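Only one structure is covered here, and it is reproduced in the block below.
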Amino acid sequence: MMFDENYDVVVVGAGHAGCEAAHAAAQTGLNTALYTMNADLIAQMSCNPAIGGIAKGHLVREIDALGGVMGVAADEAGIQFRLLNTSRGPAVWSPRAQADKAGYRYVMRRILERTPNLFIKQAEVTEILFVASRVAGIELLDGRRVAAAAVVLTTGTFLNGLIHIGEKQFTAGRNGEPASIALGNCIRNLGFDWGRLKTGTPPRLDRRTIDFSVFEPQYGDPEPTPFSFRTTQPLKNKICCYITHTDEKIHSIIRSNMSRSPLYSGQIKGIGPRYCPSIEDKVVKFQDKNRHQIVLEPEGVDTHEIYVNGMSTSLPIDVQ
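Take 8 as the starting number for the sequence shown in the working numbering and just add one per residue.
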């Protein structure tokens with residue numbers, strides 16, 4: 008089999024896991040190629056532009072202790088920092104940072120581009136290649152073949168990805184980005200068991216349409232705690248988040264349109280995430296609650312987009 012390029016390690020997908028995998032491989036001296044469909048969306052924060060939180064903050068700090076870069080990027084791109092669970096013992100204190108969505112991408116790409124032995128490649132991987140029943144590399148959409156002693160798949164939601172918005176469904180890796188159909192079919196044809204994970208996201212709001220004076224401010228910590236042990240510069244809070252709640256009017260709208268939610272109409276099957284339920288799940292499963300907390304979180308310092316934390320949904324656009 009003829010190859011056009013040769014690397015020790017190929018990493019497919021440049022989300023959080025792919026960035027860490029590629030950086031770790033390159034740090035050991037291995038020539039590493041990181042493949043992504045769009046180099047401008049490396050480390051894209053597709054849902055909530057936040058790093059850490061309960062349990063997750065511990066994981067980021069453990070990655071940092073092992074030489075990872077997520078904590079470093081979060082500290083530099085963070086716009087609000089809070090240490091959660093401080094009413095309990097120090098073992099369960101959990102750092103959380105609201106990050107600038109565009110800034111985090113920029114910082115992570117800069118770190119990777121300055122890492123020796125690491126090469127960022129923009130192309131779609133369509134097939135895993137084998138020689139004598141061993142992984143030998145990958146094939147790209149344009150037909151080029153790349154040899155590699157190891158191939159790491161960190162493809163996230165892209166393999167045969169399907170988006171549901173109410174009754175509508177369409178293939179996509181993320182909203183506005185193509186799914187990786189060919190690579191998904193390749194992996195399925197290799198005989199691996201195939202399952203799906205479901206995730207949801209809320210609609211975004213326009214800051215200019217919101218009267219923040221009626222909400223409770225949620226400020227960052229006066230002395231922010233960094234994620235990375237290597238961070239030496241003081242961290243600064245640049246934005247404020249705001250707390251509000253749903254009410255019975257919102258619950259009534261949701262209940263009257265429940266049949267249009269894919270999970271409740273039978274269009275898709277699943278149990279949903281335990282710790283981040285959709286607003287439909289909250290209304291159905293917690294009927295004793297007459298309100299649910301919502302946090303309005305800016306997605307950056309130079310954008311009007313507001314993330315509605317606590318309002319994840321797959322209801323149709325007109326209901327949203």
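Note that beta-carbon positions come from the ideal geometry of N, C-alpha and C, so glycine has one too. Bear in mind that the values here come from a model prediction, so they are computed numbers and not experimental data.
Straight-line Cα distance separating residue j from residue i
i    : j    : result
S319 : V326 : 13 Å
S268 : E174 : 7 Å
T216 : T93  : 34 Å
V99  : G144 : 42 Å
T208 : W201 : 23 Å
K128 : M44  : 8 Å
D218 : C248 : 13 Å
N244 : T251 : 21 Å
K296 : L90  : 27 Å
R211 : A139 : 50 Å
K205 : V67  : 23 Å
S53  : G36  : 31 Å
E83  : M8   : 44 Å
L147 : V18  : 13 Å
E120 : N182 : 26 Å
G74  : L242 : 20 Å
G180 : P284 : 21 Å
G198 : G163 : 19 Å
D149 : P280 : 38 Å
E4   : Y282 : The structure shown has nothing for residue 4, since the chain only spans 8 to 327.
R262 : V79  : 43 Å
R203 : I260 : 29 Å
T122 : V114 : 13 Å
E255 : Q274 : 27 Å
V221 : N167 : 43 Å
I286 : G277 : 15 Å
L41  : A29  : 6 Å
R103 : A156 : 37 Å
G110 : A21  : 16 Å
Q294 : I257 : 13 Å
V308 : R141 : 48 Å
R95  : V290 : 30 Å
P185 : K292 : 34 Å
P229 : F165 : 39 Å
Rounded Cβ spacing between residue i and residue j (contact assumed at less than 8 Å)
i    : j    : result
M77  : E27  : 6 Å
A24  : T161 : 4 Å
V159 : V16  : 7 Å
L190 : T133 : 6 Å
N124 : N38  : 5 Å
F236 : A72  : 7 Å
I188 : F177 : With a Cβ gap of about 12 Å, I188 and F177 do not count as contacting.
I118 : P323 : About 40 Å; that fails the 8 Å criterion.
Own chain, CB closer than 6 Å to residue i, minus 5 neighbours either side, in chain order
i    : result
E306 : P56, K108, E312, Y314
T253 : R298, H299
M265 : Y271
R214 : H311, I313
E304 : Q105, C248, Y314, N316
Q87  : Q105, G227, N244, I246
R195 : W201
G85  : A104, A106
Which residues DSSP lists as bridging residue i, in chain order
i    : result
C54  : For C54, which the question treats as bridged, DSSP gives no partner whatsoever.
R103 : G59, R89
N13  : A154
L160 : V19
A29  : According to DSSP, which records beta bridges pairwise, A29 is partnered with nothing at all.
I250 : E223, V302
F236 : The partner list for F236 (beta bridge, DSSP) is empty, contrary to what the question assumes.
Y314 : R211, E304
Q294 : Per DSSP, none; premise fails for Q294.
K175 : I172
S3   : Here the chain comprises residues numbered 8 to 327, so residue 3 is not present and cannot be evaluated.
T39  : V16, L125
Same chain, Cβ closer than 7 Å to residue i, five either side skipped, listed in chain order
i    : result
F137 : A143
F10  : G144, R152, V153, A154
P224 : C247, Y249
P231 : F88, L242, N244
P97  : none
P33  : The displayed chain sequence assigns Ala, not Pro, to residue 33. These residues qualify, in order along the chain: T39, T122, P123, N124, L125.
Own chain partners of residue i with C-beta closer than 8 Å, once the 5 adjacent residues on each side are dropped
i    : result
I301 : I250, T251, H252, T253, V315, N316, G317, M318
R116 : A46, I49, A50, I127
S101 : G59, G60, I61, A62, K63, G64, H65, L90, L91, N92
R112 : D47, L48, I49, A50, Q51, M52
C193 : T133, E134, I135
A81  : I58, G59, V67, A104, A106, Y111, F234, S235
Can you list, in chain order, the stretches of the beta strand (DSSP E) that have 3 or more residues and sit fully within the region 190 to 229?
211 to 213, 223 to 225
Taking the runs of the alpha helix (DSSP H) that are 4 residues or longer, which of them lie wholly in the region 106 to 155?
108 to 120
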